[in-house]
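Per the numbering used here, the very first residue in the sequence shown carries number 3; after that it's consecutive. Don't be surprised by glycine CBs; every beta carbon is placed ideally from N, CA and C. Keep in mind it's a predicted model, so treat the numbers as computed, not measured. Only one structure is covered here, and it is reproduced in the block below.
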Amino acid sequence: MPENWTLVMETSVPEATLALAQGDTLVAEGKFTSERSQEVDLFGPLEEVLANLPEGEKLSQIVVGTGPGSYNGARVGIAAAQAIGQVHDCSVAGLCSFEGVPGLSWAVGDARRGAFFLMKIGGKPELIPPTELSVRLSNCEGRKGTFESAEKLSAPDHEIEEVTPTASGLLKAWLARSKEEQAAMSAVPAEAFYLRPPHITVSKKKTPLT
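This is how it looks when you write it as structure tokens:
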């Protein structure tokens, strides 16, 4: 029976991490810190992690964190995962990066444009005005986490942890899913996590000189 090798990548936060697993056994890990140059900083640690794949073996699947977080970081991770997936002829599945924090129940953060987001782990984000965030958090049971500074949130009376997802955490979330769920997720192209629909600006046509 062929070995089941999984590569996991979490690059949507500055403290990026990588993991290679054989079944549910963690074989190798890598990490790097990058704010804006993930497209450069990723490949050294990635090469080191993949060097632990035995000669002649191929990856069975790749799991990649999709954010919300650094949009550039998430896109770099997804693009790299897709390229590696083509080489190894394996599936690529995207997971919300907050699932890479074991035991977290709720995610909260700044959605920009005068709104915050609140999301039950495994669910969809809801955009909330600052005046309503504290009230909504009062009805949320369990651990609440943010990838940002908790001081930026308009909810000083609520315990919100500053958390960082990891590739090993994403691996646990992936392995906790059934084979049917994994197959369904792998069938959907991974894309960066959007808190709201993509905003596309149409360029104005220049008036020809007369």
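Top-ranked residue by Cα proximity to residue i, from the options
i	options	result
Glu-186	Thr-19, Glu-50, Asn-6 and Leu-97	At residue 186 the sequence reads Ala, which differs from the Glu that was named. Ranking the options by Cα distance to Ala-186, first place goes to Leu-97.
Pro-191	Glu-59, Ile-80 and Pro-56	Ile-80
Cys-142	Pro-132, Glu-128 and Ser-107	Ser-107
Gly-67	Ser-140, Ser-188, Glu-182 and Pro-167	Pro-167
Gly-144	Thr-133, Ile-123 and Asp-159	Ile-123
Tyr-73	Ala-30, Ser-39 and Pro-127	Ser-39
Gly-46	Gly-71, Thr-19 and Glu-59	Thr-19
Glu-183	Ala-95, Pro-132, Leu-139 and Thr-133	Ala-95
Residue i burial status per 10 Å Cβ neighbour count (16 or more: buried)
i	result
Gln-88	exposed
Val-137	exposed
Ala-85	exposed
Ser-180	exposed
Glu-12	buried
Lys-146	buried
Gly-116	exposed
Gly-58	exposed
Run of the alpha helix (DSSP H) containing residue i, from where it starts to where it stops
i	result
Gly-171	169-177
Lys-60	No alpha helix (DSSP H) contains Lys-60, which DSSP labels as neither H nor E.
Thr-133	132-140
Leu-48	45-52
Val-10	Premise fails: Val-10 lies in the beta strand (DSSP E), 7-12, not in any alpha helix (DSSP H).
6 Å Cβ shell around residue i - same chain, five flanking residues per side excluded
i	result
Thr-8	Ala-23 and Gln-63
Val-10	Ala-21, Val-65, Ala-169, Leu-172 and Leu-173
Gly-69	Ser-14, Ala-76, Ser-99, Ala-194 and Phe-195
Val-165	Val-103 and Gly-147
Ser-93	Gln-63 and Ser-188
Lys-126	none
Ala-30	Leu-22, Val-51 and Asn-54
Asn-6	Gly-25 and Ser-62
Met-3	Because the pLDDT at Met-3 is just 42, under 50, the model does not fix this residue reliably, and the value given afterwards should be weighed accordingly. Here the set comprises nothing.
Lys-60	His-90
Beta-carbon proximity check, residue i vs residue j, cutoff 8 Å
i	j	result
Ala-1	Leu-177	This structure cannot settle anything about residue 1, because the visible part of the chain is limited to 3 through 212.
Ala-113	Phe-100	no
Glu-50	Thr-35	no
Leu-55	Gly-32	no
Leu-129	Arg-198	yes
Ala-82	Leu-52	no
Val-78	Glu-41	yes
Min CB distance residue i to chain B below 8 Å
i	result
Ala-186	Among the protein chains of the structure shown there is no chain B, as only one such chain exists.
Chain-order list of residues whose beta-carbon lies under 8 Å from that of residue i (same chain, five-residue window excluded)
i	result
Leu-155	Val-110, Gly-111, Asp-112, Phe-118, Leu-135, Thr-148 and Ile-162
Chain-order list of residues whose beta-carbon lies under 7 Å from that of residue i (same chain, five-residue window excluded)
i	result
Glu-150	Gly-111 and Asp-112
Limits of the beta strand (DSSP E) - the one that residue i falls within
i	result
Lys-181	Taken as a continuous stretch (DSSP letters only), Lys-181 belongs to no beta strand (DSSP E), being part of the alpha helix (DSSP H) at 181-188.
Ala-192	That residue, Ala-192, is in no beta strand (DSSP E); it is neither H nor E in DSSP.
Arg-38	Here Arg-38 belongs to no beta strand (DSSP E), and DSSP marks it neither H nor E.
Gly-111	108-114
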